[in-house]
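S.K.: Using our numbering, read the sequence shown as starting at 181 and increasing by one per residue.
First the structure, which I've put down as structure tokens, then a few questions once you've had a look.
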Amino acid sequence: MPREQYQTKLEGLRDDVLYMSELVAERLRMGLDALERQDAELGEKVITGDAEINDHYLELEGKCTDLIALQQPVAGDLRFIAASFKIITDLERIADLATNLGEYAKEADREVFPDVDVQRIGDDTLAMLDDAMAAYADSDPERCFAVAEADNEVDAACEAASELVVRDLIERDELRDEEDVEGTMQNVSRLLLTIRDLERVGDHAVNIAARSLYMIENDDELLY
């Protein structure tokens, strides 16, 4: 394959990965909105939209495999293709977590624990995802480290939110009424799962930043 065609394929892969990231970020935003509004219909759209993400993943997986198998890339090009493959894997998993939010939205009652600010945590994880993908797109190592730093704050926020839920649960008088126990515990479970899933979104954003840093500078400092 002529060098020009090869470069075009590499650029096309980059553009496709960025497009997939936009779709995933949109699904995550929709999942958060569905939770905020307790909108079961919007939650269902997030769930059904996951098939499109999966299709993109499989298509890009094939492109990465073909580029490696047919072109035998070296050095920087190989790191770029390998990073792109790892990144689409993290994006696909973030989309799965967004689907979980869509499921929770169909049953959740956000008024049960009004002091737990899930939306703020969600906004922070979305910002991490945006920065991680910008680092990939712009070959910006500083942004990679900024994403890793932001994850510490998200982890702390998730831990504090989980502790708040448990503390509030212990203090609730209605748990003495057996009729309310099941419903309250279901809401507790959904909320704790939501917090856990958002923390995982942050972890996947760090993975993307780590792979981007390795792609840019052959630096595995953030890989774990």
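For every residue, glycine included, the Cβ atom is placed at its ideal position computed from N, Cα and C.
For clarity, every value in this text was computed on a predicted model and none was experimentally measured.
State whether the region 380-390 contacts the region 306-321, with contact taken as three or more CB pairs (one from each stretch) at a distance under 8 angstroms.
M.R.: yes
S.K.: Where does proline 253 sit, in a helix, a strand or coil, going by DSSP?
M.R.: coil
S.K.: For phenylalanine 293, name the three-state secondary structure that DSSP assigns.
M.R.: Correct three-state label for phenylalanine 293: coil.
S.K.: My guess is that isoleucine 261 and leucine 247 are in contact by the Cβ rule of under 8 angstroms, so how many angstroms apart are they, rounded?
M.R.: 5 angstroms
S.K.: At 3 residues or longer, and completely inside the region 309-381: list those beta strand (DSSP E) runs for me, N to C.
M.R.: none
S.K.: Would you check if there are 3 or more beta carbon pairs closer than 8 angstroms linking the region 367-377 to the region 278-294?
M.R.: yes
S.K.: What are the boundary residues of the alpha helix (DSSP H) that glycine 211 is part of?
M.R.: 183-217
S.K.: Quick check on DSSP: helix, strand or coil for aspartate 149?
M.R.: The chain is shown only over 181 to 404; residue 149 falls outside these bounds and no answer can be derived.
S.K.: Between the region 330-340 and the region 360-372, do three or more beta carbon pairs fall short of 8 angstroms?
M.R.: no
S.K.: Determine the direct distance from the alpha carbon of aspartate 383 to that of leucine 373, and round the result to whole angstroms.
M.R.: 15 angstroms
S.K.: CB glutamate 329 to CB aspartate 304, shorter than 8 angstroms?
M.R.: no
S.K.: Check this for me: beta carbons of isoleucine 267 and tyrosine 199, under 8 angstroms apart or not?
M.R.: no
S.K.: In terms of alpha-carbon separation, which member of Phe325, Pro294, Leu238 and Val254 lies closest to aspartate 399?
M.R.: Phe325
S.K.: Cβ atoms of isoleucine 233 and arginine 209: under 8 angstroms apart, would you say?
M.R.: no
S.K.: Around the Cβ of glycine 302, are there at least 16 other Cβ atoms within 10 angstroms (buried) or fewer (exposed)?
M.R.: buried
S.K.: Using a Cβ-Cβ cut-off of 7 angstroms (strictly less than) and excluding sequence neighbours within five positions of leucine 277, which residues of its own chain qualify?
M.R.: Cβ-Cβ distances below 7 angstroms link leucine 277 to Asp377, Arg380 and Val381 in the same chain, with the five nearest sequence neighbours on each side left out; the list follows chain order.
S.K.: For the alpha helix (DSSP H) that contains lysine 286, what are its first and last residues?
M.R.: Here lysine 286 belongs to no alpha helix (DSSP H), and DSSP marks it neither H nor E.
S.K.: Since glycine 223 is in the alpha helix (DSSP H), which residue starts that stretch and which ends it?
M.R.: 220-228
S.K.: With the cut-off set at 8 angstroms, would you say glycine 223 and alanine 214 are in Cβ contact?
M.R.: yes
S.K.: So glutamine 299 packs on leucine 393, CB below 8 angstroms; how close in whole Å?
M.R.: Not really, about 29 angstroms apart at Cβ, beyond 8 angstroms.
S.K.: Are there 16 or more other CB atoms within 10 angstroms of the CB of isoleucine 350, so buried, or fewer, so exposed?
M.R.: exposed
S.K.: Let's test the definition: count the other Cβ atoms within 10 Å of the Cβ of threonine 462 and tell me whether it reaches 16, buried, or not, exposed.
M.R.: Beyond the ends of the chain as shown, which are 181 and 404, falls residue 462; an answer cannot be given.
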